[in-house]
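A.B. asks: Residue numbers (my numbering): 188 to 503.
Heads up, the beta-carbon is just placed ideally off N, CA and C, and yes, glycines get one too.
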Amino acid sequence: MRGVNPGAHADRVLAAIESDAPARSSLAASWRRSSTLHRLDPADRKPPRRLSEGELRVARERVDLLVHAAQGSLDRLFQAVGGVSCCILLADREGVPVDRRGAASDDPTFEGWGLWTGAVWSEAAEGTNGIGTCIVEQRPLSIHRDQHFFTRNTDLSCTTAPIFDHEGRLAAALDVSSCRADLTEAFIGLIAVAVQDAARRIEAETFRLAFPDARVLVAPGTDKNGGGLIAIDSDELVIGATRAARQALGLTGENLARPVPVADLFGIVDGDLEAAERGVLQRALARAGGNASAAAQALGISRATLYRKLNRLGLS
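(1) DSSP three-state label for Leu-227, please.
(2) Where does Gln-176 land, buried or exposed, given buried means 16+ other C-beta within 10 angstroms?
(3) Excluding the five sequence neighbours on either side, which residues of its own chain have a C-beta within less than 8 Å of the C-beta of Gly-427, listed in chain order?
(4) Give a yes or no on whether the C-beta atoms belonging to Gln-383 and Pro-446 are separated by under 7 Å.
(5) Taking contact to mean 3 or more Cβ pairs, one atom from each stretch, closer than 8 Å, check whether the region 317-327 and the region 355-368 are in contact.
(6) Compare the C-alpha of Leu-343 against each of Ile-322, Val-323, Gly-305, Phe-297 and name the closest.
(7) Could you give the DSSP three-state label for His-255: helix, strand or coil?
(8) Any heavy atom of the ligand SAM closer than 6 Å to the CB of Thr-304?
(9) Please report the straight-line C-alpha distance between Ala-208 and Asp-262, rounded to a whole angstrom.
(10) Let me know if Ser-213 comes out buried or exposed under the rule of 16 or more other beta-carbons within 10 Å of its beta-carbon.
(11) Can you tell me whether Ile-322 is helix, strand or coil according to DSSP?
(12) Among Ile-350, Ala-386, Thr-346, which residue has its Cα nearest to the Cα of Glu-372?
(13) Taking the continuous alpha helix (DSSP H) assigned at Ile-378, which residues delimit it?
(14) Just the Cα atoms here: how many angstroms apart are Asn-192 and Arg-247?
(15) So, at 7 Å on beta carbons, what are the nonlocal neighbours of Cys-274 in its own chain, with the 5 sequence-adjacent residues on each side left out?
(16) For the beta strand (DSSP E) containing Phe-351, list its first residue and its last residue.
(17) Can you tell me which of Phe-351, Ser-480, Val-449 puts its alpha carbon nearest to the alpha carbon of Ala-491?
(18) Gly-427 lies in the beta strand (DSSP E); which residues open and close that run?
(19) If you draw a straight line from the alpha carbon of Leu-472 to that of Val-449, how long is it in whole angstroms?
(20) For Arg-474 and Ala-406, I'd like the C-alpha separation in whole angstroms.
And the structure:
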């Protein structure tokens with residue numbers, strides 16, 4: 188152990204657990220969960236447990252859509268941080284990395300630490316750590332060196348953000364980890380911004396893949412970078428919403444079980460049937476560049492029928 192005295196770290200963790208620190212500190216609260224709830228010993232030196240190849244394959248299959256959606260974001264994040272001896276882990280909701288990025292020269296070191304696909308980094312298994320604690324608390328966080336529960340992990344720095352699926356449920360955690368001793372607080376802050384941005388991009392891409400035939404819009408009161416997206420079907424009904432959109436608009440799974448008119452979310456008062464028909468015709472003509480024949484074909488009606496409707500509604 189390069190930077191932390193093993194006995195001193197374990198004593199510090201246990202002292203914090205026995206004090207009132209857990210009531211004042213989320214870190215100490217995680218240490219207490221690790222000790223009292225999961226019965227872990229900070230001085231334990233066993234390496235992280237690893238899944239069998241079969242178990243890892245099953246874990247990957249459970250999040251196949253998300254893994255597919257994440258590929259571009261993982262590559263971009265690795266381009267940003269991979270050159271400074273960091274590795275990237277995409278873990279499922281059980282804390283098991285199912286995909287990763289790392290420089291070949293660093294891979295033996297990271298594999299030795301258990302920063303590898305198939306290792307179990309849940310808080311129940313590894314105590315306070317970036318992936319496991321992020322999953323429990325469902326928020327972005329960094330666990331830097333001696334903030335880890337186990338003494339054997341105190342050479343690691345882990346910065347992690349949660350990823351929520353198309354139904355707003357916790358699905359995964361995106362982590363950047365490093366064994367460098369010279370990581371500054373400022374640099375960790377920059378990594379945190381990059382990780383959170385990548386996590387939101389993965390959420391957005393997963394959402395689009397989950398609703399391939401829908402229009403996807405930024406929800407009112409949110410922004411695209413914050414992940415506030417809604418999916419709308421051809422009848423202008425909201426059929427899906429990301430976690431950020433649900434929180435901003437007060438939507439629940441029960442709401443979305445009975446599709447909500449998008450006009451209600453945007454505060455738009457619907458007109459009568461005539462106004463709705465006028466809107467459909469005008470949109471068809473606009474999409475066809477004013478070509479009546481093309482607009483009629485798109486609407487599935489004859490050109491003569493289109494002209495009769497236009498004349499009735501006073502449209503030219």
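C.D. replies: Here's the rundown:
(1) Mapped onto the sequence shown, residue 227 falls at position 40. In the three-state reduction of the DSSP assignment, Leu-227 falls in the coil class.
(2) Residue 176 lies beyond the residue range present for the chain, which begins at 188 and ends at 503; the question has no answer from this structure.
(3) Translated into the one-based positions of the sequence shown, residue 427 becomes position 240. Only His-353, Glu-354, Phe-394, Ala-397, Phe-398, Ala-401, Ile-417, Ala-418, Leu-443 meet the Cβ criterion.
(4) Translated into the one-based positions of the sequence shown, residue 383 becomes position 196. Translated into the one-based positions of the sequence shown, residue 446 becomes position 259. Taking 7 Å as the cut-off, the beta carbon of Gln-383 is found no closer than this to the beta carbon of Pro-446.
(5) Segments in contact, yes.
(6) Here residue 343 is taken as the residue at index 156 of the sequence shown, counted from 1. If we check each option's Cα against that of Leu-343, Phe-297 comes out closest.
(7) One-based indexing of the sequence shown puts residue 255 at position 68. In this structure, His-255 counts as helix in the three-state DSSP scheme.
(8) With respect to the ligand SAM, the structure shown offers nothing to examine, as it has no ligands at all.
(9) For this step, residue 208 is matched to residue 21 along the sequence shown. For this step, residue 262 is matched to residue 75 along the sequence shown. Straight-line Cα distance between these residues: approximately 39 Å.
(10) The residue labelled residue 213 in the question sits at position 26 within the sequence shown. With fewer than 16 neighbouring CB atoms inside 10 Å of its own CB, Ser-213 falls in the exposed class.
(11) Position 135 of the sequence shown, counting from 1, holds the residue named residue 322. Residue state, collapsed to three classes: helix.
(12) Stepping through the sequence shown from its first residue, residue 372 is reached at position 185. Closest by alpha carbon: Thr-346.
(13) As a working note, residue 378 is residue 191 in the sequence shown. For Ile-378, the enclosing alpha helix (DSSP H) covers residues 372-397.
(14) Here residue 192 is taken as the residue at index 5 of the sequence shown, counted from 1. Here residue 247 is taken as the residue at index 60 of the sequence shown, counted from 1. Distance from the CA atom of Asn-192 to the CA atom of Arg-247, rounded to whole angstroms, is 37 Å.
(15) One-based indexing of the sequence shown puts residue 274 at position 87. The residues are Arg-287, Arg-288, Gly-289, Asp-293, Phe-297, Leu-302, Ser-364.
(16) On the sequence shown, residue 351 is found 164 positions in, with the first residue counted as 1. Counting along the chain, Phe-351 sits inside the beta strand (DSSP E) bounded by residues 344-351.
(17) Counting from one through the sequence shown, the residue named residue 491 turns up at place 304. Of the listed residues, the one whose Cα sits closest to Ala-491 is Ser-480.
(18) As a first step, residue 427 is located in the sequence shown; it is residue number 240 there, counting from the start. First-last of the beta strand (DSSP E) with Gly-427: 424-428.
(19) Here the question's residue 472 lines up with position 285 in the sequence shown. Here the question's residue 449 lines up with position 262 in the sequence shown. About 23 Å.
(20) If you number the sequence shown from 1, residue 474 lands on position 287. If you number the sequence shown from 1, residue 406 lands on position 219. Rounded to the nearest whole angstrom, the C-alpha separation of Arg-474 and Ala-406 is 24 Å.
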